[in-house]
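Q: Please find one structure pasted underneath; my questions will follow.
Number of protein chains: 2
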Amino acid sequence: MTKPLLEQLIEALQCLPSVGKKSAQRMAYQLLNGRRSKGVLLSDVLKQAMEKIGLCQKCRDYTENEVCSICSNPQRDKQLICVVESPSDIYAIESTASYSGNYFVLQGALSPLDGIGPDEIGLPVLAGIVKQDAVSEIIIATSATVEGEATAHYIKSLVHQINNEIIVSRLAQGVPLGGELEYLDASTLSLSLANRQTI
Amino acid sequence: MTKPLLEQLIEALQCLPSVGKKSAQRMAYQLLNGRRSKGVLLSDVLKQAMEKIGLCQKCRDYTENEVCSICSNPQRDKQLICVVESPSDIYAIESTASYSGNYFVLQGALSPLDGIGPDEIGLPVLAGIVKQDAVSEIIIATSATVEGEATAHYIKSLVHQINNEIIVSRLAQGVPLGGELEYLDASTLSLSLANRQTI
């Protein structure tokens, strides 16, 4: 005997992050109870998204087209490339509305022990873009983790092997806005002391 | 221009209860990043559930069959009927493993001001069952709200009109297990004083 459809639904909903059995139950019951058309819509969009969304040929961001909307936007500054680890980072930077260049998504970070080398994070594609386009600056916005730092250094040497005149920069590190010193970790604090700026 | 599929997905995911924009984003990115087959499975199950799950002809619980698994189980005691407001209540009672009778789901509670009368909560179906089957007891497990109480009284008089010998009972009310008296509300406390039991 196959499982009742309701139980199957409750199980399937648990593939969503931070959705356990209780939340899945509540979701299933609420969908059945008056949100059926929205449930069908979600099902359709979900299937399409899972099957059609791939990586942009230029920047490796998620898109259902060959080239994503940012890469194909003529308004964006193609001389600037911001290198990020994941597509959600693009979303975070876009929401600041203070960057108008292009992006490049690594979809990860260098981690040789896990078998993630330069090829896995698309660095040959990035090298191709640097060679082809008139890139003037690469802003590296990888995480402030060991892997992120290693990736940043690797990209810097890669870019400078191709063209030594391209500026390679890194997001500023220091005290976050609204951050209180007493709650800040020692490493960040010592870093912001070392990198103090004249005002 | 239509919206990018990723944005459509993030919007559609927000039809789930307590999923806002941030959670929907995280869900979408995590599904795209390595959980695609699970996403497709969820989409399929969701669509089937939304289209096929209806109400059991006997007890009005959710099921994709004509009669639900509880009603069609010959092991269950058909003389006992527990009346609940919603299918999730059945789940709660079943998880106690201390009830082996049948259920009847009102899918709501009497609320004349909202246009919910006896017909909307399926009382004619319940009356039919009481007339046809050899029911010996009706356990009313509606919520301890004004609507729940009103519904309980209505069902009691309905059942007694049909057959005065059927026992109509209500879930015991009082101090919950592990409940500390100092945090209990005054109404519950006065109720449990009034209904005190000799030990």
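Chains as they are written, first to last, in the working numbering: chain G, 1 to 199; chain L, 1001 to 1199. Glycine is no exception: its CB is placed at the ideal position from the N, C-alpha and C atoms.
For D1061 (chain L), is the classification buried or exposed, using 16 other Cβ atoms within 10 angstroms of its Cβ as the cut-off for buried?
A: Classification for D1061 (chain L): buried.
Q: Could you tell me whether the Cβ atoms of I1121 (chain L) and I1138 (chain L) are closer together than 8 Å?
A: No, the Cβ-Cβ distance between I1121 (chain L) and I1138 (chain L) is not below 8 Å.
Q: By the 10 Å Cβ neighbour count, where 16 or more other Cβ atoms means buried, how is A236 (chain G) classified, buried or exposed?
A: What is shown of chain G runs 1 to 199, which leaves residue 236 (chain G) out entirely.
Q: Among G:S143, G:A92, G:Y154, G:E147, whose alpha-carbon lies nearest the alpha-carbon of D114 (chain G)?
A: When only C-alpha atoms are compared, the closest one is G:E147.
Q: Beta-carbon separation of V84 (chain G) and V67 (chain G) under 8 Å?
A: Taking 8 Å as the Cβ cut-off, V84 (chain G) and V67 (chain G) do not qualify as a contacting pair.
Q: Identify which residue in L:G1178, L:K1021, L:S1192, L:R1196 has its Cα closest to the Cα of A92 (chain G).
A: If we check each option's Cα against that of A92 (chain G), L:K1021 comes out closest.
Q: Taking the Cβ atom as the reference point for each residue, do K47 (chain G) and S1072 (chain L) lie within a distance shorter than 8 Å?
A: No, the Cβ-Cβ distance between K47 (chain G) and S1072 (chain L) is not below 8 Å.
Q: Take the Cβ of L1193 (chain L) as the centre, count every other Cβ of all protein chains shown within 10 Å, and call the residue buried at 16 or more, exposed below.
A: Classification for L1193 (chain L): exposed.
Q: How many whole angstroms separate the CB atoms of D1089 (chain L) and A1141 (chain L), which I take to be in contact at a CB cut-off of 8 Å?
A: Indeed, because the Cβ distance is near 6 Å, the residues count as touching under 8 Å.
Q: Give me the residue from L:V1130, L:I1116, L:M1050 with the minimum Cα distance to N1102 (chain L).
A: Selected option, being the one with the closest Cα: L:V1130.
Q: Excluding the 5 residues flanking G174 (chain G) on each side, which residues of the same chain have their C-beta closer than 8 Å to its C-beta?
A: Excluding residues within five positions, the ones whose Cβ falls inside 8 Å are T188, L191, S192, N195.
Q: Figure out for me which residue from L:L1031, L:P1124, L:A1049, L:V1125 has the closest Cα to the Cα of G54 (chain G).
A: If we check each option's Cα against that of G54 (chain G), L:L1031 comes out closest.
Q: Would you please verify whether the beta carbon of Q274 (chain G) is less than 8 Å from any beta carbon of chain L?
A: Residue 274 (chain G) is absent from the model: chain G starts at 1 and stops at 199.
Q: Classify K58 (chain G) as buried or exposed, calling it buried when 16 or more other Cβ atoms lie within 10 Å of its own Cβ.
A: When all chains shown are included, K58 (chain G) counts as buried.
Q: Just confirm the distance between the C-beta atoms of D1133 (chain L) and K1078 (chain L), as a whole number of angstroms; I'd bet it's less than 8 Å.
A: Going by Cβ atoms, the distance from D1133 (chain L) to K1078 (chain L) rounds to 6 Å, so yes, they are a contact pair.
Q: Taking the alpha carbon of A144 (chain G) as the point to measure from, which residue in G:L171, G:A127, G:V135, G:N164 has its own alpha carbon closest?
A: The option with the nearest alpha carbon to A144 (chain G) is G:L171.
Q: Looking only at its own chain, which residues have a Cβ that is under 8 Å from the Cβ of T1109 (chain L), when we skip the five neighbours before and after it?
A: A small correction: the amino acid at residue 1109 (chain L) is Ala; Thr does not occupy that position in the sequence shown. Excluding sequence neighbours, A1109 (chain L) sits near E1085, I1116, I1121, T1142, S1143, T1145, E1147, G1148, A1150, T1151.
Q: For Y99 (chain G), which residues of its own chain have a beta-carbon under 6 Å away from its beta-carbon, when the five flanking residues on both sides are left out?
A: Contacts found: I93.
Q: If I measure Cβ to Cβ from M1027 (chain L) and keep anything under 6 Å in the same chain, skipping five residues before and after, which residues do I get?
A: So the list reads L1013, once near-sequence residues are dropped.
Q: With a threshold of 7 Å on Cβ separation, who are the neighbours of G1128 (chain L) within its own chain once the five nearest residues in sequence on each side are excluded?
A: If we look at G1128 (chain L) and ignore the five residues flanking it on each side, it has no Cβ neighbours.
Q: From the beta carbon of Y1103 (chain L), is the nearest beta carbon of chain G less than 8 Å away?
A: Y1103 (chain L) does not count as touching chain G.
Q: Looking only at its own chain, which residues have a Cβ that is under 6 Å from the Cβ of S1111 (chain L), when we skip the five neighbours before and after it?
A: Result list for S1111 (chain L): E1147, in chain order.
Q: Quick check: the Cα distance between V1040 (chain L) and L126 (chain G), rounded to an integer number of angstroms?
A: When rounded, the distance between both Cα atoms is 31 Å.
Q: Jot down the residue ranges of each uninterrupted alpha helix (DSSP H) in the region 1025-1088 of chain L, minimum 4 residues, whole runs only, in chain order.
A: Whole alpha helix (DSSP H) segments, 4+ residues: 1036-1052.
Q: With a CB to CB cut of under 8 Å and the five nearest residues on each side skipped, what residues in its chain are close to S1136 (chain L)?
A: The answer, listed in chain order, is Q1079, L1080, I1166, I1167.
Q: Answer yes or no: does any C-beta atom of chain G fall closer than 8 Å to that of Q1075 (chain L)?
A: No, no contact with chain G.
Q: Among residues of its own chain, excluding the 5 on either side of V159 (chain G), which ones have a beta-carbon nearer than 7 Å to its beta-carbon?
A: Here the set comprises V130, I138, I166, V168.
Q: Have a look at I162 (chain G) and T1002 (chain L) and give me their C-alpha separation to the nearest angstrom.
A: Approximately 39 Å between the Cα atoms of the pair.
Q: Using the beta-carbon count (16 or more within 10 Å), is T1063 (chain L) buried or exposed?
A: Classification of T1063 (chain L): buried, given that the 10 Å Cβ count is 16 or more.
Q: DSSP on E1137 (chain L), reduced to helix/strand/coil?
A: Three-state DSSP puts E1137 (chain L) in a strand.
Q: Looking at C-alpha atoms only, which residue of L:G1178, L:K1052, L:Y1029, L:H1153 is the closest neighbour of M50 (chain G)?
A: Nearest C-alpha to M50 (chain G): L:Y1029.
Q: Rounded to whole angstroms, what's the CA-CA distance from R76 (chain G) to S1095 (chain L)? Just pull it up for me.
A: The alpha-carbon atoms of R76 (chain G) and S1095 (chain L) are separated by roughly 57 Å.
Q: In the DSSP assignment, find the alpha helix (DSSP H) that holds S169 (chain G) and state where it starts and stops.
A: Unbroken run through S169 (chain G) is the beta strand (DSSP E), 167-170; no alpha helix (DSSP H).
Q: What does a CB cutoff of less than 6 Å around I10 (chain G) pick up in its chain, not counting 5 residues either side in sequence?
A: If we look at I10 (chain G) and ignore the five residues flanking it on each side, its Cβ neighbours are A24, Q25, A28.
Q: Does the beta-carbon distance from C15 (chain G) to R1035 (chain L) come in below 8 Å?
A: Going by C-beta atoms, C15 (chain G) is nearer than 8 Å to R1035 (chain L).
Q: Which parts of the region 143-195 of chain G are runs of the alpha helix (DSSP H), unbroken and 4 residues or longer, counting only runs that do not cross its ends?
A: Listed in chain order, the complete alpha helix (DSSP H) runs (minimum 4 residues) inside the region 143-195 of chain G are 146-162, 186-194.
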